[in-house]
DNA sequence: ATACTGTTATATAATCAATATAACAGTTAA
DNA sequence: TTAACTGTTATATTGATTATATAACAGTAT
């Protein structure tokens, strides 16, 4: 498994791990029922404490992305893409909320933001 | 000065204070050269430690919003609205960036996000 | 002098993030 | 059954951040 961890990031390491695994599951780089590396193996691989890996895996299980069984390991859960999508739409709404309130306070034009938006959407493939 | 502080928020108190003062300066509720309440007065008013108020004021000075002089007090700095706007546009860009990357990973339609965007912009007066 | 301003230093406490280590428990295959 | 893997739990320690309290110090103004 390929993970890139930044120590200088303000995002906690366990969240970096969690987020990257979620992305890989959703991109189907990690397929349903596929085994994740064991927490000890991953810990050794990326030189991060076992407990930190466990915290990431625990949250992934709580959020329904993986299933963990003592003695066996962790496996990609059957995914409920629609549910995940709904969660993410809420996240998007929060971002938009912040954009709207900043724009109001600073008198930034709706059109200007909208154009920036369209530009950035098309910018990346 | 009216400030609303939430103890249950995950946003630190000193940041809540800072953000609300910035908003008031930008809305011209606090005008150039106007005196802010002394850190001790504000501390007593809103029942927050002097040191926490000081931290908020220190950051406001670092960011150019106020000027503080020992023995005199703190005053609203001459504001450079264009500069502040530029800062805030960068913040908006970061939010859009996150929206775009979420949308790509989850295959959320650009149009769907755009519509949500327009709706939320018009939603509040 | 007095009464305001802000400043600095110290100590304490709570929480979060990360680490290390050890002992415990389930699974599997030689 | 033992060995070698899995994950689990508990404990302790470290460092950073946030917030508090208190006291002593320093500048300004009347």
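Protein chains in written order, with this note's numbering: chain A, 1 to 125; chain B, 126 to 250. Backbone N, C-alpha and C fix where the C-beta goes; we use that ideal spot for every residue, glycine too. Fair warning: this is a prediction, and the values are worked out from it, not measured in the lab.
Contact under 8 Å by Cβ, residue i with residue j
i: residue 233(B); j: residue 118(A); result: no
i: residue 171(B); j: residue 128(B); result: yes
Three-state class that DSSP yields for residue i in the structure shown
i: residue 11(A); result: coil
i: residue 131(B); result: coil
i: residue 250(B); result: Low confidence applies to residue 250(B): its pLDDT is 45, below 50, so where it sits in the model is not reliable enough to give any reading.
i: residue 202(B); result: coil
i: residue 66(A); result: strand
Cutoff 8 Å; reference residue i; Cβ partners in own chain excluding five residues on either side
i: residue 157(B); result: 201, 202, 203 and 204
i: residue 130(B); result: 138, 141, 142, 171 and 173
i: residue 209(B); result: 151
i: residue 132(B); result: 138
i: residue 38(A); result: 73 and 74
Other residues of its chain near residue i: CB distance less than 7 Å, five sequence neighbours each side excluded
i: residue 40(A); result: 50
i: residue 193(B); result: 182, 186 and 199
i: residue 113(A); result: 99 and 103
i: residue 19(A); result: none
i: residue 245(B); result: none
Same chain only: Cβ atoms within 6 Å of residue i, ignoring 5 sequence neighbours per side
i: residue 125(A); result: Bear in mind that a pLDDT of 45 at residue 125(A), under 50, signals an unreliable position, so the number given afterwards is only what the model happens to contain. Counting only Cβ-Cβ distances below 6 Å, and skipping sequence neighbours, we find nothing.
i: residue 35(A); result: 73 and 75
i: residue 149(B); result: 155
i: residue 42(A); result: 53
The ligand ADP heavy atom lying under 7 Å from the CB of residue i
i: residue 167(B); result: For the ligand ADP, the structure offers nothing, since it holds no ligand at all.
Could I get the ranges of all uninterrupted alpha helix (DSSP H) runs contained in the stretch 39-64 of chain A, with 4 residues as the minimum, in chain order?
Counting whole runs of 4 or more residues, the stretch 39-64 of chain A contains the alpha helix (DSSP H) stretches 39-46 and 50-62.
Answer yes if the stretch 172-182 of chain B comes into contact with the stretch 216-228 of chain B, meaning at least three C-beta pairs across the two stretches below 8 Å, and no otherwise.
Counting C-beta pairs with one atom in each stretch, the stretch 216-228 of chain B and the stretch 172-182 of chain B have fewer than three that are closer than 8 Å, which means they do not touch.
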